[in-house]
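Everything on this sheet refers to the single structure shown next.
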Amino acid sequence: MNAKTIRLTMAQALVRYLAALQVDTADGQAPLFGGVFAIFGHGNVAGLGEALYQHREQLPTYRAHNEQAMAHAAIAYAKTNMRRRMMAVTSSIGPGATNLLTAAALAHVNRLPVLLLPGDIFVSRRPDPVLQQVENFQDGGVSANDAFKPLSRYFDRICYPEQLLTALPRAIQVLTDAAECGPVTLALPQDVQAMAYDYPVEFFSPQTVRFRARGPAADELQEALALLKNARQPLIVAGGGVLYGEATEALRAFAEKHAVPVAETQAGKSALAWRHPLQLGALGVTGSPAANALAQKADVVIAVGTRLQDFTTGSHSLFGQAKLLSINVNAVDAMKWQGTPMLSDARLGLAALSQGLQDWRSSTGWHALALEQANSWRATVDKITGQREIEAPALPYDGEVIGAVQRSSIDSTVHDIVVCAAGTLPAELHKLWRTSTPGGYHVEYGYSCMGYEIAGALGVKLAQPDRDVIVMVGDGSYLMMNSEIATSVMLDKKLIIVVLDNRGYGCINRLQQACGGAPFNNMLEDCLQGPQGAPAIDFAAHARSLGALAENVKTIAQLEAALQRARAADRTYLVCIDTDPARTTEDGGCWWEVAVPEVSERPQVQAARAEYEQARHSQKV
Ligand SMILES: Cc1ncc(C[n+]2csc(CCOP(=O)(O)OP(=O)(O)O)c2C)c(N)n1
Ligand SMILES: [Mg+2]
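Mind the numbering: the sequence shown is residues 1 to 621 in UniProt numbering, read in order.
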């Protein structure tokens with residue numbers, strides 16, 4: 001009758017439970033949690049800190065320098081593992097916890113699992129107000145951690161140790177469910193962390209977590225088949241769901257059998273090898289001319305595992321008259337834009353469609369157009385990225401730097417993982433980066449969070465220690481968050497960091513002017529300055545001070561030579577190059593809705609407003 005129990009603190013029980021969870025991988029069983037990132041303070045050092053120490057062999061604890069950065073690393077780790085392995089992050093109460101909020105939002109937008117464990121104020125309220133307690137005057141039960149609620153797929157505050165028995169299985173269910181996946185926050189009041197309870201021993205027995213994949217319902221499959229069978233000019237839009245659903249082979253097989261070209265979103269890039277004849281490349285605002293031309297002409301767009309954000313749809317202007325078929329595990333995504341929804345895992349959905357379609361193929365003319373456009377875009381990319389001689393005083397631009405990075409490896413498309421998030425680079429990389437391996441392109445463009453790059457790359461390297469992890473980052477994003485360079489050195493997780501220094505927020509400066517604005521407050525030279533002016537930042541010296549090897553270079557030839565040294569180095573290596581803030585790849589792209597002021601004294605703003613009103617006519621509503 002009496003189930004065996006073990007007396008543990010809430011924190012000890014939490015850690016013991018997490019450490020017991022396993023997953024099946026291609027290389028056998030592995031722990032679901034690759035570790036816990038922790039910065040201790042009051043609210044987690046005594047309780048959770050003591051528990052993590054006890055379990056440090058099974059569940060390693062990593063220390064970094066900023067809570068947001070730790071969560072970025074954890075999120076990137078999960079993304080690199082296609083959401084099948086993950087990490088937890090714990091913080092102290094107050095500022096440590098609220099530093100995690102941006103990362104929670106990032107994980108939410110990108111549908112990536114991360115377990116956030118912020119410390120919380122005393123449930124007893126006996127010593128209130130404690131250090132760092134916000135003190136909400138309307139609600140005695142509220143703490144700073146309530147700010148996680150709108151940013152979490154599941155939020156819970158563990159106010160009594162026994163609550164873990166229901167909260168933890170729920171948390172793991174959300175973290176491992178393809179449709180619900182996102183950040184889970186368990187707020188941990190510090191007195192409850194230290195409280196003991198007699199937990200059933202069985203609760204901690206090793207469990208293998210299952211990742212379920214569900215195929216389409218018969219009626220939705222029939223509707224989808226009916227739509228496709230009448231299509232002559234279909235286009236597949238491959239989103240992140242293709243990668244997370246391990247559907248890349250199914251995608252290739254579908255595209256080949258039915259002669260359907262593929263365009264990729266930011267999250268979906270690397271779903272199909274770059275040299276595949278049906279690979280049209282990037283789609284949308286940061287898209288290739290090939291993908292965008294076919295998107296305009298398509299009669300059916302098959303959106304697979306994409307949230308259809310504005311960069312993908314050109315703010316709803318791109319898909320012309322196409323009907324939309326949405327294959328998605330998430331019902332909200334599948335319902336978007338009056339599409340025909342097919343609620344399904346990407347791999348099972350594509351396989352079921354392919355079977356039902358039998359020998360249906362796109363029209364011969366469409367197939368030929370796709371092959372021709374894809375081929376022509378590959379040639380253009382060769383030309384842009386092959387550019388090596390840039391005559392001084394002109395500076396190289398991002399496309400040429402990308403070419404040098406790819407040339408610096410014998411096979412960058414197989415061995416490298418490029419990491420980026422914000423600035424000019426995501427557009428350039430989306431268009432120009434080449435990869436043959438799923439996951440070889442890691443650009444966080446759901447939240448496009450400056451400061452994700454270096455911290456995220458640390459998580460990528462923890463997940464894939466044998467790949468070359470290359471961070472491509474602008475000067476602005478570098479300066480926003482770079483402290484995990486020191487962590488990468490400490491943990492022996494080598495990163496290659498290429499800083500493109502154009503002396504300011506280049507992409508926003510261009511956007512400002514495209515909206516009729518004067519150059520203002522973006523490039524350093526356009527900002528308020530004292531008599532010293534803006535400092536000339538020595539990025540190499542900065543990285544060296546954090547323990548990395550580093551050099552500044554001027555030309556593409558010097559960059560190539562420096563990258564050889566970086567590839568051979570035994571630790572994190574940074575190379576900084578001055579780049580042109582004005583130039584970008586002109587080919588491709590499409591309209592993006594940014595609201596331009598309706599009234600202004602500036603004629604440039606009035607002109608931009610007129611263009612904006614005109615462009616909105618192409619928007620589907
Ligand atoms: C945390 C955060 N703050 C602000 C922004 C808005 N933003 C997007 S890109 C950018 C400038 C990035 O500058 P840099 O990294 O130097 O890249 P560049 O545009 O110069 O290539 C800004 C301010 C953002 N994406 N993330
Ligand atoms: Mg910049």
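Just so you know, even glycine gets a beta-carbon here, dropped at the ideal spot from N, CA and C.
Treat the numbers as computed from the prediction; the structure is a model and nothing was measured.
Check, Outcome
"Tell me whether the region 337-346 and the region 209-218 touch, counting them as touching only if at least three CB pairs, one residue from each stretch, are closer than 8 Å.", "yes"
"Below 8 Å CB to CB, which residues in the same chain sit around Val605 once its five sequence neighbours on both sides are set aside?", "Cys515, Gly516, Gly517, Val596, Pro597"
"So, does the region 502-509 touch the region 540-559, judging by three or more C-beta pairs under 8 Å?", "no"
"Might you give, ordered along the chain, the residues of its own chain that have their beta carbon closer than 7 Å to the beta carbon of Ala486, omitting 5 neighbours on each side?", "His65, Leu546, Gly547"
"Buried or exposed for Gln233, please, with buried defined as at least 16 other CB atoms from any protein chain shown within 10 angstroms of its CB.", "buried"
"Determine, using beta carbons only, whether Asn110 and Gly241 come nearer to each other than 8 Å.", "no"
"By the DSSP assignment, the alpha helix (DSSP H) with Gln222 in it spans what residues?", "218-229"
"Does DSSP put Ile402 in a helix, a strand or coil?", "helix"
"Please classify Ser315 as buried or exposed, where buried requires at least 16 other C-beta atoms within 10 Å of its C-beta.", "buried"
"Span of the beta strand (DSSP E) holding Leu500?", "496-501"
"Closer than 7 Å to a non-hydrogen atom of ligand 1 - does that hold for the CB of Tyr505?", "yes"
"Should Val443 and Pro426 be called a contact, given that it needs their Cβ atoms to be closer than 8 Å?", "yes"
"Judging by CA-CA distance, which residue of Val237, Gln279, Leu458 is the nearest neighbour of Thr265?", "Val237"
"According to the Cβ coordinates, are Ala88 and Leu115 closer than 8 Å?", "yes"
"Could you say which of Val134, Gln173, Thr340, Ala187 lies nearest to Leu228 if we only look at CA atoms?", "Thr340"
"Could you tell me if Ala608 is buried or exposed, where buried requires 16 or more neighbouring beta carbons within 10 angstroms of its beta carbon?", "buried"
"Mind checking which residues open and close the alpha helix (DSSP H) that includes Ala253?", "248-258"
"First and last residue of the alpha helix (DSSP H) that includes Gln279?", "Premise fails: Gln279 lies in the beta strand (DSSP E), 279-282, not in any alpha helix (DSSP H)."
"Can you name, in chain order, every residue of its own chain whose Cβ lies under 6 Å from the Cβ of Gly268, other than the five neighbours on each side?", "Ala238, Gly239, Gly240, Val242"
"According to DSSP, simplified to helix, strand and coil, what is Phe155?", "strand"
"Taking 7 Å as the cut-off, is the beta-carbon of Met450 closer than that to any non-hydrogen atom of ligand 4?", "Ligands displayed in this structure: ligand 1 and ligand 2; ligand 4 is not among them."
"Roughly how many angstroms separate the alpha carbons of Leu458 and Gly451, rounded to a whole number?", "12 Å"
"Decide yes or no for the touch test of the region 81-95 against the region 22-40: beta carbon pairs closer than 8 Å, at least 3 of them.", "yes"
"Heavy atom of ligand 2 less than 7 Å from the Cβ of Asp526, yes or no?", "no"
"Determine the extent of the beta strand (DSSP E) in which His442 is found, giving its start and end residues.", "441-443"
"Note the first and the last residue of the continuous beta strand (DSSP E) segment covering Leu30.", "It is Ala, not Leu, that sits at residue 30 in the sequence shown. Unbroken beta strand (DSSP E) run through Ala30: 28-31."
"I believe Phe311 touches Arg16 by the beta-carbon criterion, under 8 Å. Please report the beta-carbon distance rounded to the nearest angstrom.", "Contact doesn't hold; Cβ gap of about 43 Å is too wide."
"If you reduce the DSSP assignment to three classes, tell me which class Met490 lands in.", "helix"
"Contact defined as beta carbons within less than 8 Å: I believe Lys383 pairs with Thr585. What is the distance between those atoms, to the nearest angstrom?", "That belief does not hold up - the Cβ atoms of Lys383 and Thr585 are roughly 11 Å apart, past 8 Å."
"Measure the CB-CB distance between Ala290 and Gln373 and report whether it falls below 8 Å.", "yes"
"Measuring alpha carbon to alpha carbon, tell me which of Gln614, Gly439, Arg583, Gly305 ends up nearest Val594.", "Gln614"
"Taking 7 Å as the cut-off, does the CB of Gly474 come closer than this to any heavy atom belonging to ligand 2?", "yes"
"Under DSSP, the beta strand (DSSP E) around Cys420 begins and ends at which residues?", "416-420"
"Spatial neighbours of Ala225 within its chain, please: C-beta separation below 8 Å, excluding the five flanking residues on both sides.", "It is worth fixing the name first, because residue 225 is Leu in this sequence and not Ala. Answer for Leu225: Leu353, Gly356, Leu357, listed in chain order."
"Let me check understanding here. Comparing Cα to Cα, which of Trp377, Ile470, Ile75 lies closest to Glu416?", "Contrary to the premise, residue 416 reads as Asp rather than Glu in this sequence. Of Trp377, Ile470, Ile75, the residue nearest in Cα terms is Ile470."
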